[in-house]
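Q:
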Amino acid sequence: MSGALLPREFFDRPVDEVAPSLLGQVLRHRTPEGDVALRLTEVEAYAGPLDPASHAYRGRTQRNAVMFGPPGFAYVYFTYGMHFCVNLVCGPDGTSSAVLLRAGEIISGEDIAQARRPRSTVRDLARGPARLCQALGIAREQNGLDVCSPGGPLTVLAGDPADPALVRTGPRTGVNGAKEVPWRFWIDGDPTVSPYRAHVPRQRKKVVQ
DNA sequence: CCTACGATGATCT
DNA sequence: GATCATCGTAGGT
37 MSGALLPREF
47 FDRPVDEVAP
57 SLLGQVLRHR
67 TPEGDVALRL
77 TEVEAYAGPL
87 DPASHAYRGR
97 TQRNAVMFGP
107 PGFAYVYFTY
117 GMHFCVNLVC
127 GPDGTSSAVL
137 LRAGEIISGE
147 DIAQARRPRS
157 TVRDLARGPA
167 RLCQALGIAR
177 EQNGLDVCSP
187 GGPLTVLAGD
197 PADPALVRTG
207 PRTGVNGAKE
217 VPWRFWIDGD
227 PTVSPYRAHV
237 PRQRKKVVQ
């Protein structure tokens, strides 16, 4: 593994090409508490305006603005009233595709990650998109950060790319649209890959009849 | 292992 | 007002 940053051109490609090539690469967040880094084991591609499951499907809004900017930037969003998830923006400026980072294996700063998720087992520290953000200390303030910036706090470093023979694809997790598109990518057999959960529409609490 | 469900608030219609 | 790219816990197998 080297400590080199992935160049912006890495992200300036079709999102379904970037996503699998991110497996095995390293995401590092430097904070005052220290550095935490992980090796990506599971990602999902979201293909901008053509993809009903994408946040960019209905056009640009205040929330998704970063997705419409240049590649190599972090799009962080808040969901379910308590969780953050992080994407890496792909494709040229003006387009709006991105890769959701779903899971990883902590390779340094495990003590800090553990402190942020006190009740978690080591395996579960970054097993799921919101857990990944918690372990790395990613929240609102990290939205819009350039992950290709030398010296930047949140960066993607070159790791050992996953063996292509071990890369699996399948339907995306927890999404309601375009279920048939196999745009989830993971490293087969890796224990940190999140368990698949189909989308379950939540039932209304009470119907007044 | 599995399935069910409540927490909690921003976003969009 | 409904939905949501989720998680932790509780309970059963």
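Following the working numbering, the numbering of the first sequence begins with 37 at its first residue and continues without gaps. Here a beta-carbon is modelled for each residue, glycine too, at the ideal position from N, C-alpha and C.
#1: Tell me, which residues are paired with residue 114 by DSSP?
#2: Run the CB neighbour count on residue 78, radius 10 Å, all protein chains shown included, and call it buried at 16 or more, exposed below.
#3: Classify residue 111: buried if its beta carbon has 16 or more other beta carbons within 10 angstroms, exposed otherwise.
#4: Taking buried to mean at least 16 other C-beta atoms within 10 Å of its own C-beta, is residue 103 buried or exposed?
#5: Tell me, which residues are paired with residue 181 by DSSP?
#6: Out of curiosity, what's the CA-to-CA distance linking residue 86 and residue 213?
#7: Check whether the segment 195–206 and the segment 131–139 touch, using three or more Cβ-Cβ pairs below 8 Å as the test.
#8: Would you list, in sequence order, the uninterrupted alpha helix (DSSP H) runs of no fewer than 4 residues that lie entirely inside the segment 125–172?
#9: Grouping DSSP H, G and I as helix and E and B as strand, with all else coil, what is residue 49?
#10: List the residues that DSSP assigns as beta-bridge partners of residue 205.
#11: Here's the rule I'm using: 16 or more other beta-carbon atoms within 10 Å means buried, otherwise exposed. How should residue 127 be labelled?
#12: Kindly list the residues whose CB is nearer than 7 Å to the CB of residue 299, restricted to its own chain and excluding five residues on each side of it in sequence; keep chain order.
#13: What is the rounded straight-line gap between the Cα of residue 76 and the Cα of residue 60?
#14: Decide if the segment 148–156 is in contact with the segment 48–59; the criterion is three or more beta carbon pairs, one per stretch, under 8 Å apart.
#15: According to DSSP, is residue 73 helix, strand or coil?
#16: Distance check for residue 158 and residue 233, CA to CA, integer angstroms please.
#17: With DSSP as the reference, label residue 42 as helix, strand or coil.
#18: Could you have a look at residue 92 and say whether DSSP puts it in helix, strand or coil?
#19: Kindly indicate which three-state DSSP category residue 101 falls into: helix, strand or coil?
#20: Do you know offhand how far residue 125's Cα is from residue 155's?
A: If we stick to the structure as given:
#1: Against the first sequence, residue 114 aligns to sequence position 78. In the DSSP output, where bridge partners are listed per residue, residue 114 has 120.
#2: The residue given as residue 78 occupies position 42 in the first sequence. Buried, because 16 or more other Cβ atoms sit within 10 Å of the Cβ of residue 78.
#3: Looking up residue 111 in the first sequence gives position 75. Residue 111 should be labelled buried.
#4: The residue labelled residue 103 in the question sits at position 67 within the first sequence. Buried is the call here.
#5: For the purposes of this step, residue 181 is taken as residue 145 along the first sequence, with counting starting at 1. For residue 181, which the question treats as bridged, DSSP gives no partner whatsoever.
#6: As a working note, residue 86 is residue 50 in the first sequence. As a working note, residue 213 is residue 177 in the first sequence. Distance between the alpha carbons of residue 86 and residue 213: 11 Å.
#7: no
#8: 146–152, 165–172
#9: By one-based count along the first sequence, residue 49 stands at place 13. Here residue 49 sits in coil by DSSP.
#10: Your numbering for residue 205 matches position 169 in the first sequence. DSSP, once it has assigned bridges, lists 221 as partnering residue 205.
#11: Here residue 127 refers to the residue found at position 91 when the first sequence is read from its first residue. Buried, because 16 or more other Cβ atoms sit within 10 Å of the Cβ of residue 127.
#12: Shown here, the chain extends from 37 to 245; a query on residue 299 therefore has no answer.
#13: For the purposes of this step, residue 76 is identified with residue 40 of the first sequence, where counting begins at 1. For the purposes of this step, residue 60 is identified with residue 24 of the first sequence, where counting begins at 1. Rounded to the nearest angstrom, the two C-alpha atoms are 5 Å apart.
#14: no
#15: Position 37 of the first sequence holds residue 73. Looking at residue 73 - three-state DSSP - the assignment turns out to be strand.
#16: Counting from one through the first sequence, the residue named residue 233 turns up at place 197. Counting from one through the first sequence, the residue named residue 158 turns up at place 122. Those two C-alpha atoms are separated by around 21 Å.
#17: Here residue 42 refers to the residue found at position 6 of the first sequence. Note: residue 42 maps to coil in three-state DSSP.
#18: For the purposes of this step, residue 92 is taken as residue 56 along the first sequence, with counting starting at 1. Coil.
#19: Translated into positions along the first sequence, residue 101 becomes position 65. Helix at residue 101.
#20: Residue numbering aside, residue 125 sits at position 89 when the first sequence is read from its first letter. Residue numbering aside, residue 155 sits at position 119 when the first sequence is read from its first letter. Between residue 125 and residue 155, the C-alpha separation is close to 31 Å.
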